[in-house]
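Anchor point for the sequence shown: position 38 equals 38 in the numbering used here, and the numbering is continuous, going up by one each time.
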Amino acid sequence: ALGPYKGGLRFHPSVNLSILKFLGFEQILKNSLTTLPMGGGKGGSDFDPKGKSDNEVMRFCQSFMTELQRHVGADTDVPAGDIGVGAREIGY
């Protein structure tokens with residue numbers, strides 16, 4: 001990577017690698033058009049938080065973030081919410 005990224009995290013049953021690649025590329029374009037000095041990225045899982053208990057969602061989010069932290073930098077990268085990822089999921 002050449003620098004920090006900004007982009008969303010998505011938890012939805014339709015998530016797959018091709019969707020994430022497309023959305024990541026789209027995020028690069030969005031960030032460049034707004035002159036943000038950041039790259040773009042997108043991440044996620046086919047986990048569906050709908051219908052899950054708070055405890056199930058919390059356990060999944062904690063495991064997901066534990067793995068994600070190996071690939072992003074806390075002081076440089078800016079992951080954000082997207083479909084299926086809101087304040088509750090970010091808060092875990």
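All C-beta atoms in this analysis are idealised placements derived from N, C-alpha and C, irrespective of residue type, glycine included.
These numbers were taken from a predicted model, which means no experiment stands behind them.
Go to residue i, then tell me how far its beta strand (DSSP E) extends in each direction, as first and last residue.
i, result
"residue 78", "78 to 81"
"residue 53", "Careful: residue 53 lies outside any beta strand (DSSP E) and carries neither H nor E."
Confirm, please, whether the CB-CB distance from residue j to residue i is below 7 Å.
i, j, result
"residue 78", "residue 46", "no"
"residue 52", "residue 24", "no"
"residue 82", "residue 8", "yes"
Mark residue i as exposed unless 16 or more other C-beta atoms lie within 10 angstroms of its C-beta, in which case mark it buried.
i, result
"residue 22", "exposed"
"residue 27", "buried"
"residue 56", "exposed"
"residue 89", "buried"
"residue 44", "buried"
Below 8 Å on the Cβ atoms is my contact criterion, and I expect residue i with residue j to pass it. Report the Cβ-Cβ distance as a whole number of Å.
i, j, result
"residue 84", "residue 10", "6 Å"
"residue 39", "residue 4", "7 Å"
"residue 92", "residue 69", "With a Cβ gap of about 13 Å, residue 92 and residue 69 do not count as contacting."
"residue 36", "residue 6", "6 Å"
- [ ] Just list the beta strand (DSSP E) runs in the segment 1 to 27, keeping only unbroken ones of 3 residues or longer that don't cross its boundaries, in chain order.
- [x] As far as the segment 1 to 27 is concerned, its whole beta strand (DSSP E) runs of at least 3 residues are 5 to 11.
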